[in-house]
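Take a look at the structure set out below.
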């Protein structure tokens, strides 16, 4: 979802280069943004499990019970 942000095609494309290829893809910046978003999501899930707001073990046990009923 992050990769297309801010991409602009170059004014003059070079021979052998796709016309839609971005002039400056900013891969490092997009990598850091994606990593930050992933870290926030992981933090929320970790907090939910750690503080037992959601008991994933109970959810898994219930799913197994449903499979064998």
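Numbering (the numbering used here), first residue to last: 1133 to 1201. Backbone N, C-alpha and C define an ideal beta-carbon position, used for all residues, glycine too.
| Item | Value |
| --- | --- |
| Local conformation of residue 1150 per DSSP, three classes | coil |
| Residue interval of the alpha helix (DSSP H) (run including residue 1181) | 1159 to 1182 |
| Where the alpha helix (DSSP H) containing residue 1195 begins and where it ends | 1188 to 1200 |
| Neighbourhood of residue 1182 by C-beta, 6 angstroms cutoff - its chain only, sequence neighbours within 5 removed | none |
| Alpha-carbon to alpha-carbon, residue 1161 and residue 1184 | 35 angstroms |
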